[in-house]
Amino acid sequence: MASPSELNRLTIANAATMLRKREISSTELTRACLDRIAAVEPRLHAFLTVTNEQALEQAAAADRRLKAGDAPELCGIPLGIKDIYATKGVATTCASKILGNFIPPFDATVIAKLRAEGAVFAGKTNMDEFAMGSSTENSAFGPTMNPHDLSRVAGGSSGGSAAAVAADEILGALGTDTGGSIREPASFCGVVGIKPTYSRVSRYGVIAFASSLDQVGPFAKTVRDAAIMLRSLAGHDPRDSTCSARAVPDYPRALSGDVKGLRIGVPKEYFVAGMEPEVERSVRAALKQYEAMGAKTIDISLPHTAYAIACYYLVATAEASANLARYDGIRYGMRAAAEDTIALYEMTRAQGFGAEVKRRIILGTFALSAGYYDAYYLKAMKVRTLIRRDFERAFETCDVIVTPVAPATAFKLGEKMNDPLTMYLSDIFTISVNLAGLPGLAIPSGYDTNNLPIGMQIIGAPFAEETILRAGDAFERSGAVTLKRPAL
Amino acid sequence: MAQSKITLEQVRHVARLARIELSPQEEEHLRADMDQILAYVDKLGELDVSAVEPTMQVGESGTPMRADEVTNSPDPEAMLANAPARERGYFKVPKIIE
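Just so you know, the sequences run in chain order Y and G. Counting the first sequence from 1 gives a position; the working numbering is that position plus 103. Counting the second sequence from 1 gives a position; the working numbering is that position plus 423.
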């Protein structure tokens, strides 16, 4: 059921042009999105909080600015924000009960940047609790459905943002990616998602899961839109001491459409038994398309791929156990009734955290505990070095590396909830990219016989976002894939 | 995997460190989960990492420094606004008993 005006179906680039020419107003555009949200949310559940009033106020302000002339490209564009970002004055839950009715007194740096450009925030999107999951089924407030098939997951942990863009509820959205949490839901929902190089975007005000892995990134309907968003998000921030001071390129300018001579590495370890044959066929067909456009494919090996999940589930859980120690019921969020402080901590955390979060905190605490630190955490940190070196070696002969995003398309709700390890193994193609700190772009490469989206991943060397965006944009514009709008 | 690696006592010890109270069912589920996950991560033992340095930082190395100057204004009301319990300018907590 599309809204009468269908303005919500626009891309950011097209909407920005129409806003600038005053063919449409931000108020009309925002209303179209809010109407669409109201129409599909009962079935989709992509949003935890919808900020109708604030969105219309922001749209009105954007219209005044657009009238005055010389507004930034994102001015007046409705976006969704994963509920992991601190948004001043608006409830921020991280899809957990433990944050209670927490209302941040500050904006995350990237939120402040988008606000300053005049973007419109439609609301906070659903996610796996504390970003721990690959399906958004670990949300304390219920899952988000896949717009292409409501009986299936939207992916995770940024499932709400991915689904909302795929369903044309908003024109773009923010997610985060620690082990694949932008790329996998982008792949499952048939939209574009990019995890930038670690340190490219500020993490200040982003509720932390694993601080050496977490990264901010956008979801969009096209690669150009993702490039437009990334240009606004990236850049130095003194409040994030890991944030890079490198200049931010004008990413959309890199989208020349030319991939002649591009050297594409194809790692054999990413095309293995256990993958859905349709996924493999789709990505291999994409590689043929690249060759037809003048790129060159090179067989490579990333020999430590098989160790990435084991490495990740020690490093990430150890970091998470430290980052989640702050949820103690003292200064904000939920507080359990208790007679003494220790009991207060123990009961608050027992009642406030979901099962997956508890599992990862326990695993991480164990990996760091006396007697086990060397065997688990330290060993994982060393394996991480080997994984990084695999990529460094590969980028000596390749410009980009292309792989599937996930071994399969979106699975059914509830299908993987009984066995945590099965869920973890679905991260196999995305996780190494976080461990190595590299940029990774997910774009649709086709659909399976159930009309479920298949995603291709384009991995780059550190700070080579322009190269992977150029490669993705060229493929998208080649016409090799006709995008399917969900029937929702 | 017939041999159980992790004991309930180990799970309870770690739960105490992590300050999470677990029910008996949760303890047993986590014990089984840990067994399975740790058996899986044991595959890292196949690699010889004796000569490998651990990755401590993924981004650019070093810790950026700044001058020791106050750059924000204190706003105690904003900080206390989310407090589960407060009294005047304080977060109120249960007595810490020796």
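Glycine included, C-beta positions come from ideal geometry on N, C-alpha and C.
Would you kindly work out how many angstroms separate the C-alpha atoms of alanine 501(G) and aspartate 343(Y), rounded to a whole number?
Here the question's residue 501(G) lines up with position 78 in the second sequence. Here the question's residue 343(Y) lines up with position 240 in the first sequence. Cα to Cα, alanine 501(G) sits roughly 22 Å from aspartate 343(Y).
Roughly how many whole angstroms lie between the Cα atoms of glutamine 318(Y) and arginine 303(Y)?
Stepping through the first sequence from its first residue, residue 318(Y) is reached at position 215. Stepping through the first sequence from its first residue, residue 303(Y) is reached at position 200. About 8 Å.
Say whether the stretch 212-221 of chain Y touches the stretch 243-251 of chain Y, bearing in mind that this needs 3 or more beta-carbon pairs closer than 8 Å, one atom from each stretch.
no
Measure from the C-beta of tyrosine 463(G) to each C-beta in chain Y and report whether the shortest distance is under 8 Å.
Locating residue 463(G) in the second sequence gives position 40, where the first residue counts as 1. True, the Cβ-Cβ gap to chain Y drops below 8 Å.
Glutamate 232(Y) at chain G interface by Cβ criterion, 8 Å:
Position 129 of the first sequence, counted from the first residue, corresponds to residue 232(Y). So, not an interface residue.
Straight-line CA distance for glutamate 461(Y) to valine 193(Y)?
The sequence position of residue 461(Y) within the first sequence is 358, counting from 1. The sequence position of residue 193(Y) within the first sequence is 90, counting from 1. Residue 461(Y) is actually lysine in this sequence, not glutamate. For lysine 461(Y) and valine 193(Y), the distance between alpha carbons rounds to 26 Å.
Let me know the secondary structure DSSP gives glutamine 318(Y) once reduced to three states.
Counting from 1 along the first sequence, the entry for residue 318(Y) is found at position 215. Looking at glutamine 318(Y) - three-state DSSP - the assignment turns out to be strand.
Alpha helix (DSSP H) runs wholly inside the stretch 519-574 of chain Y, at least 4 long, in chain order:
523-528, 534-539
Exposed unless 16 or more other CB atoms sit within 10 angstroms - verdict on isoleucine 184(Y)
The count along the first sequence starts at 1 and reaches residue 184(Y) at position 81. Counting Cβ neighbours within 10 Å, isoleucine 184(Y) comes out buried, since at least 16 surround it.
So, with DSSP's three-state summary, where would you put asparagine 249(Y)?
Here residue 249(Y) corresponds to residue number 146 of the first sequence, with the count starting at 1. Strand, per DSSP.
How would you list, in chain order, the residues of chain Y whose beta-carbon sits under 9 Å from the beta-carbon of alanine 501(G)?
Position 78 of the second sequence holds residue 501(G). In chain order: Pro208, Phe209.
Secondary structure, beta strand (DSSP E): runs of 3+ residues fully inside the stretch 450-510 of chain Y:
503-507
For chain Y, is any of its Cβ atoms less than 8 Å away from the one on glutamine 459(G)?
Working through the second sequence from its first residue, we reach residue 459(G) at position 36. It does; some Cβ of chain Y falls within 8 Å.
By the criterion of Cβ-Cβ separation under 8 Å, what are the contact partners of threonine 506(Y) in chain G?
Residue mapping note: residue 506(Y) aligns to position 403 of the first sequence, counting from 1. Per Cβ cutoff of 8 Å: no residues; threonine 506(Y) is ~20 Å from chain G at best.
Pull the bridge partners of glycine 368(Y) from the DSSP assignment, please.
Position 265 of the first sequence, counted from the start, is the residue given in the question as residue 368(Y). Bridge partners of glycine 368(Y): Ile401(Y), Ile504(Y).
Where do the ends of the alpha helix (DSSP H) carrying leucine 217(Y) lie?
Position 114 of the first sequence, counting from 1, holds the residue named residue 217(Y). 212-219 is the span of the alpha helix (DSSP H), which, as asked, contains leucine 217(Y).
What are the start and end residues of the beta strand (DSSP E) that includes alanine 276(Y)?
Here residue 276(Y) refers to the residue found at position 173 of the first sequence. That run of the beta strand (DSSP E) goes 275-280.
Can you tell me whether serine 446(G) is buried or exposed, with buried defined as 16 or more other CB within 10 angstroms of its CB?
Position 23 of the second sequence holds residue 446(G). Exposed, since its Cβ has fewer than 16 Cβ neighbours within 10 Å.
In the DSSP output, which residue or residues are listed as bridge partners for alanine 337(Y)?
The sequence position of residue 337(Y) within the first sequence is 234, counting from 1. Per DSSP, Val304(Y).
Where phenylalanine 514(G) sits in the DSSP three-state scheme
By one-based count along the second sequence, residue 514(G) stands at place 91. Strand at phenylalanine 514(G).
Check the C-beta distance from glutamate 483(G) over to serine 347(Y) and give it rounded, since I have them as a contact under 8 Å.
Counted from its first residue, the second sequence places residue 483(G) at position 60. Counted from its first residue, the first sequence places residue 347(Y) at position 244. Yes, glutamate 483(G) and serine 347(Y) are in contact; Cβ-Cβ is about 6 Å, under 8 Å.
Any beta strand (DSSP E) of 3 or more consecutive residues that is wholly inside the stretch 105-164 of chain Y:
150-153
Counted within 10 angstroms of its Cβ, other Cβ atoms place isoleucine 519(G) as buried (16 or more) or exposed
Here residue 519(G) refers to the residue found at position 96 when the second sequence is read from its first residue. Isoleucine 519(G) should be labelled exposed.
Pull up the DSSP beta-bridge partners for lysine 227(Y), would you.
For the purposes of this step, residue 227(Y) is taken as the residue at position 124 of the first sequence. DSSP, once it has assigned bridges, lists Thr152(Y), Ile184(Y) as partnering lysine 227(Y).
Mind pulling the chain Y residues with CB within less than 9 Å of aspartate 511(G)?
One-based indexing of the second sequence puts residue 511(G) at position 88. For the record, residue 511(G) in the displayed sequence is arginine; it is not aspartate. Going along chain Y, no residue has its Cβ under 9 Å from arginine 511(G), so there is no contact; the nearest lies around 15 Å.
Look at glutamate 518(Y) and tyrosine 354(Y) and say whether their C-beta atoms are less than 8 Å apart.
Along the first sequence, read from residue 1 onward, the residue named residue 518(Y) stands at position 415. Along the first sequence, read from residue 1 onward, the residue named residue 354(Y) stands at position 251. Not closer than 8 Å, so no.
Output, in sequence order along the chain, the residues in the stretch 479-500 of chain G whose CB is closer than 8 Å to any CB in chain Y.
Met479, Gln480, Val481, Gly482, Glu483, Thr486, Pro487, Arg489, Asp498
Rounded separation between arginine 387(Y) and proline 523(Y) - CA only:
For the purposes of this step, residue 387(Y) is identified with residue 284 of the first sequence, where counting begins at 1. For the purposes of this step, residue 523(Y) is identified with residue 420 of the first sequence, where counting begins at 1. Roughly 30 Å separates the two Cα atoms.
Selection from Ala483(Y), Phe498(Y), Asn521(Y) that minimises the alpha carbon distance to isoleucine 571(Y):
Taking the first residue of the first sequence as 1, we reach residue 571(Y) at position 468. Closest option to isoleucine 571(Y), Cα to Cα, is Phe498(Y).
Can you list, in chain order, the residues of its chain with a C-beta nearer than 8 Å to that of valine 268(Y)? Leave out the 5 residues immediately preceding and following it.
By 1-based counting over the first sequence, the position of residue 268(Y) is 165. Hits under 8 Å: Gly183, Leu274, Gly275, Ala276, Cys292, Val294, Phe322, Ala323, Lys324.
Would you call the CB atoms of alanine 149(Y) and isoleucine 187(Y) closer than 8 Å?
The residue you call residue 149(Y) lines up with position 46 of the first sequence. The residue you call residue 187(Y) lines up with position 84 of the first sequence. No.
Pick helix, strand or coil for lysine 298(Y), following the three-state DSSP scheme.
Position 195 of the first sequence, counting from 1, holds the residue named residue 298(Y). Correct three-state label for lysine 298(Y): strand.
Quick check on DSSP: helix, strand or coil for serine 254(Y)?
The residue labelled residue 254(Y) in the question sits at position 151 within the first sequence. In this structure, serine 254(Y) counts as strand in the three-state DSSP scheme.
Interface partners of arginine 442(G) on chain Y, CB under 8 Å
Stepping through the second sequence from its first residue, residue 442(G) is reached at position 19. Result: Ala428, Asp431, Ile445, Tyr448, Glu449, Arg452.
Segment limits, alpha helix (DSSP H) that includes threonine 420(Y)
Position 317 of the first sequence, counted from the first residue, corresponds to residue 420(Y). It spans 411-426 - the alpha helix (DSSP H) in which threonine 420(Y) sits, taken as one unbroken run.
Would you check if the stretch 551-561 of chain Y and the stretch 434-443 of chain Y touch, i.e. whether three or more CB-CB distances between them fall below 8 Å?
no
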